[in-house]
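Numbering of the sequence shown is given in the numbering used here, commencing with residue 35 and proceeding in unit increments.
Even glycine gets a Cβ: it sits at the ideal position worked out from N, Cα and C.
Predicted model only: the values in this text are computed from it and were never measured.
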Amino acid sequence: MADIYTLGMDLGSTTSKGVVLKNGKEVIGSSIIDAGAGTTGPQRAFEACLKDAGVDRSQISNITATGYGRNSFEPADLVISELSAHALGVHTMYPDARTLLDIGGQDSKVMSIGKNGRLDNFLMNDKCAAGTGRFLEVMAKVLEVGVADLKDLEAKAEQTVSVSSTCTVFAESEVISQLAKGADIPGLVRGICTSVAAKAASLVKRLGVEEPVYMTGGVARNTGVVKALERELGVKITVSQIQQLNGAFGAAVYGFGRVK
Ligand code: ADP
């Protein structure tokens, strides 16, 4: 039988991601573009994942979009909600997952997943930058480093310089004043990661933690936040091997299920 290719696009607030899937299982190409919905990011991510997979658009059975910008992505044949895409993605790759925490650029979501992969319950924070990737981006800018450099700085920390304000704007002023006082930078980065983790952990606790706990989204790439979450929740957290691509992967899996 001929191979079936499906393509999933996750058009987030901060990044655009694409995955090309072969026969509903194997990721043969992917892309992550640091520009989200409403920019040229979605189209660039679409072209980049086709190129990475080495397949032509005409070979793709269907294209499924998810994420914040899913309804304005013209090439999409199908759309799926972010929560459904994430639950399907993590269940397909890790059938034992019972709790999934996804922290993206402007929101964080925690999902309870049943044994059959069904989304049983969820909680979401999309009203406040604290506890999301945006908080880390604001702080990285103040520290004059890239957001991807925070994990290496945190790994050097020998202490925690606490960031007590939960509001991003106040926390930014607090970090600026700590820097002016000559605070230890790795310790300050640990404090920043801990602040994000504390906020996200309160969301997880409200929903109820059932192990095994998995984590996805761009912030899962920040080991400082993952370690702080493990401390806050007192459980082991497994970062999905496809991290930021889980939503796009789930969308492509959904598309595979709809191939006639
Ligand atoms: P969305 O889907 O909401 O657009 P993502 O899941 O792509 O967002 O997450 C974006 C966030 O991921 C950024 O705000 C940043 O904090 C974090 N991030 C992105 N790339 C990296 C990286 N290489 N290392 C650490 N953190 C990263």
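Helix, strand or coil: how does DSSP classify residue i here?
i: residue 276; result: coil
i: residue 127; result: helix
i: residue 195; result: coil
i: residue 107; result: coil
i: residue 113; result: strand
i: residue 228; result: helix
i: residue 178; result: coil
i: residue 47; result: coil
Is any non-hydrogen atom of the ligand ADP found closer than 8 Å to the C-beta of residue i, if you look at the structure I gave you?
i: residue 190; result: no
i: residue 287; result: no
i: residue 171; result: yes
i: residue 137; result: yes
i: residue 247; result: no
i: residue 49; result: yes
i: residue 168; result: yes
i: residue 252; result: yes
i: residue 255; result: yes
i: residue 140; result: yes
i: residue 284; result: no
From which residue to which residue does the alpha helix (DSSP H) around residue i run?
i: residue 99; result: It is not in any alpha helix (DSSP H) - residue 99 instead sits in the beta strand (DSSP E) that spans 94–100.
i: residue 86; result: 75–87
i: residue 186; result: 184–189
i: residue 215; result: From DSSP, residue 215 is part of no alpha helix (DSSP H); its letter is neither H nor E.
Residue range of the beta strand (DSSP E) that residue i falls in?
i: residue 247; result: 247–250
i: residue 60; result: 60–67
Compute the beta-carbon to beta-carbon distance between residue i and residue j, rounded to the nearest angstrom, for a pair I have assumed lies under 8 Å.
i: residue 195; j: residue 222; result: 4 Å
i: residue 230; j: residue 169; result: 6 Å
i: residue 285; j: residue 44; result: 6 Å
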